[in-house]
Every structure is written in structure tokens, then in C-alpha cells.
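Colleague: Just so you know, the sequences run in chain order A and B.
Adding 1066 to a residue's 1-based position in the first sequence gives its number in our numbering.
Going by our numbering, 72 is the number at position 77 of the second sequence; the sequence numbering is gapless.
Backbone N, C-alpha and C fix where the C-beta goes; we use that ideal spot for every residue, glycine too.
Below you will find the structure I want to go over with you.
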Amino acid sequence: MKNRNVLWIALLGATLTAGLAGSAWSDDDYRKFKKGMRGGPDVAKAENPAYVKECGSCHFAYQPGFLPSESWIKLMAGLADHFGDNAELAPEDQKSITDYLTANSADKSGQKAAVKIMKSIKTSQPPLRITQTPYFVHEHREIPLKLYKDNPKVKSLSHCNRCHVNAGEGSFNEHEVNIPGVGRWED
Amino acid sequence: MKGLSVLAAVLIFAGGAAPSFAGVVDDLLVGYKALGVADFSAARGKEMWTKEFKSAKTGKTISCATCHTTDLKQASKHAETGEAIEPLAPSVNPKRLADPKFVEKWFGRNCKQTLGRECTAQEKGDFLMFMRAW
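Below is the structure:
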């Protein structure tokens, strides 16, 4: 009887240890640790292969959690004039990518940045540019123009990954900012 | 017999793993010919490459070379965004001209963006002749 209790306690202990070790140090955490990322991702990583291939070959593959569905639908319907460029897709790709973006949009994502962006949008027509969402504008308000607009290595705030070194992982922590030719930025 | 089919499978696999741009371009040219084009010319393609068009949207003057430059073996940058563009020359970038859907997608986008209209089958064939020679 006594022996059996010891066995149960040992088993319980082993399970707890394993459980704790698992939650405290997952593969994802380890990856972040290796990349020097602080905290969790601000937005879920963009992982849809068609999206990454078709959109990410011309510009940073903005995570779908950065805009509400309504914005994605409008943007994807207007690819013939995509912020000045023609970015038309074959109909089947346009549909599959629209489906992916709207299924993972800011209004459907519970992650930090997505929630804050949704809260910040007060207009009935949400912007098509992530850089025009009030949350984005607020977060970048203190950065002087000369560090991005007049910086040939950055040119525009649209190029997330030129300064946010872990942008592709969905991590936009200000401690991970490295402005080309300038260095770290912390306000 | 079994050896032969294995050999055939290996050959087919090797062919599939390394798509030949020559085959893809030839197939596209056959398609353009079917639309009534008699012949294609790399020289005409080259001439068109640097021909300048005024964008109705921005008022700026642009040509293919504005973003792709005139040295197709070099990587370049998008004139507006500064995003990297891989070399177009199949001799240094084997992914180029290897996927017909990709080729048509970019003809569709870039002809409308630069010429302000779709390219004709003649023009697309001439461009392919010009590009494949690099």
C-alpha cells in the first residue's frame, strides 16, 4: 500500500515536470530565444504558401492579422491598381489568397497587434493600407522622416522588415528594431 | 524490361526536376503563332525593351528597362519601391521562363503597367526571343 502511494506520487511528479517543461520551453519559444525575440509574436505568422509566394515575392508578406476582412476583400478586388502597380493574379489564386486573408484577418485574430488595430479603427471604411491604421500611425509617430522616408535603405514605413528584424516571424517588438544606417530605436 | 521502365522513370523525373526554359518558351511561341503571328524577332524585342511610355496614372516615363535595366544578367530594383528583382536572363537564373503561368502573369501585369495595355502575341513572342538569348 505504502509502495503504491510512492509510485503514484512519483508518477504525478514526473507528469507535472514534463508538463511544466513543455509549456515553459516549447520549440516555438526556443526559436524565438535563438532569434533574440522578446515576448510572443504580435501577430500570427503568414504561412499560406500561395500568399507567401504570390504576394511575398514583391513585398513583405504582411500578416493577415494586420487588416480587417473588409480591407482585404477590397484590396484583393483591386489588384489591377495595387497602390500604383498592376498586381493582377490568376482568378483561382486571387480567390484562394482572399480566402486565406479573410479567414485570418484582424477581426478574427486574437493576437496583440490584431486586437489593437481593430480597436483603433473607428471609421466605417477601414483603410487599405496598414500604415494608415490609427494604431500603426500611433506606434510610429515619434520616428523622424529622415530615418525612413529620406533613408534610401528604408524609403517607406511599408517595408516592415527593413527595420523590424523579426517581422517575418510576426514579432514587431521595438527592442528588435534596427534601422539601416541608424541602428537601434527605442523611445 | 523492369530496368528499362526504371530508366524511363529516372529520365522523366530528371526532365521534370529541371524544367528546360527552351521547351517552355517554344510552347509559348507555338501558342502565339496559333494566334496568327508569322515570326518573332529578338531585335524587335530589344527595341521594345527600352521604348518609353508615359504612364497615364503617374505621368512618369517608363520602359521595361526602368526596373529590369538593360543588363538582364544583373539583379535590379523596382524603381518605386526599391524591392529586389532577380535577373531575367535564364543563363544566370534558371527559374526564369521556366513556368508558363508565371510568364503570362508578368506579361499581363507589366504590359498593362508599362505600355498601358496588354501586349500583343507578336510583342510577347519578340520579348521572349530577346530574353531567352541572354
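Residues of the segment 1142 to 1154 of chain A with a CB closer than 8 angstroms to any CB of chain B: list them in chain order, please.
Modeller: Those residues of the segment 1142 to 1154 of chain A that come within reach of chain B (Cβ to Cβ, closer than 8 angstroms) are 1146, 1147, 1150, 1151, 1152, 1153 and 1154.
Colleague: Please state whether DSSP places residue 122 (chain B) in a helix, a strand or coil.
Modeller: The answer is helix: DSSP assigns residue 122 (chain B) an H, G or I state.
Colleague: Any beta-carbon of chain A closer than 8 angstroms to the one on residue 133 (chain B)?
Modeller: Because chain B here runs from -4 to 129, residue 133 (chain B) falls outside it and cannot be looked at.
Colleague: With a threshold of 7 angstroms on Cβ separation, who are the neighbours of residue 1244 (chain A) within its own chain once the five nearest residues in sequence on each side are excluded?
Modeller: These residues qualify, in order along the chain: 1229, 1231 and 1250.
Colleague: Can you find a C-beta in chain B that's less than 8 angstroms from the C-beta of residue 1248 (chain A)?
Modeller: No, residue 1248 (chain A) does not count as interfacial toward chain B.
Colleague: Closest Cβ-Cβ distance between residue 112 (chain B) and chain A: below 8 angstroms?
Modeller: Chain A, which has no Cβ nearer than 8 angstroms to the Cβ of residue 112 (chain B), makes this no.
Colleague: Taking 8 angstroms as the cut-off, decide whether the C-beta atoms of residue 1193 (chain A) and residue 1137 (chain A) are in contact.
Modeller: Yes; because the gap between Cβ atoms is below 8 angstroms, this pair is in contact.
Colleague: Anything in chain A within Cβ reach of residue 52 (chain B), meaning under 9 angstroms, just list it in chain order.
Modeller: Chain A residues near residue 52 (chain B): 1147 and 1150.
Colleague: Ignoring anything shorter than 4 residues, give me the alpha helix (DSSP H) runs that lie fully in the segment 1107 to 1172 of chain A, in order along the chain.
Modeller: Listed in chain order, the complete alpha helix (DSSP H) runs (minimum 4 residues) inside the segment 1107 to 1172 of chain A are 1115 to 1120, 1135 to 1143 and 1157 to 1169.
Colleague: How long is the line joining the alpha carbons of residue 1089 (chain A) and residue 1162 (chain A), rounded to whole angstroms?
Modeller: Since pLDDT at residue 1089 (chain A) reaches only 43, below the 50 mark, its modelled position is unreliable, and no value is offered.
Colleague: Residues in the same chain with beta-carbon distance under 7 angstroms from residue 1172 (chain A), minus the five sequence neighbours each way, listed in chain order, please.
Modeller: Counting only Cβ-Cβ distances below 7 angstroms, and skipping sequence neighbours, we find 1131, 1132, 1133, 1134, 1180, 1183 and 1184.
Colleague: Would DSSP call residue 214 (chain B) helix, strand or coil?
Modeller: Because chain B spans -4 through 129 in this model, residue 214 (chain B) falls outside it and cannot be assessed.
Colleague: How big is the Cα-Cα spacing for residue 1091 (chain A) and residue 1111 (chain A)?
Modeller: Residue confidence for residue 1091 (chain A) is low, a pLDDT of 48 falling below 50, so the modelled location carries little weight and cannot support an answer.
Colleague: Measuring only between beta-carbons, confirm whether residue 1212 (chain A) sits less than 8 angstroms from chain B.
Modeller: Chain B, which has no Cβ nearer than 8 angstroms to the Cβ of residue 1212 (chain A), makes this no.
Colleague: Look up residue 1183 (chain A) in the DSSP assignment and say whether it is helix, strand or coil.
Modeller: Residue 1183 (chain A): helix per DSSP, three-state reduction.
Colleague: Going by the CB atoms, is the gap between residue 113 (chain B) and residue 43 (chain B) shorter than 8 angstroms?
Modeller: No, these two residues do not count as a Cβ contact at 8 angstroms.
Colleague: Does the beta carbon of residue 1271 (chain A) come closer than 8 angstroms to any beta carbon on chain B?
Modeller: In the structure as shown, chain A starts at 1067 and stops at 1253, and residue 1271 (chain A) therefore has no counterpart that could be examined.
Colleague: Leaving out five residues before and five after residue 48 (chain B) in sequence, what residues of the same chain have Cβ atoms less than 8 angstroms from its Cβ?
Modeller: Counting only Cβ-Cβ distances below 8 angstroms, and skipping sequence neighbours, we find 56, 57, 58, 109, 110 and 111.
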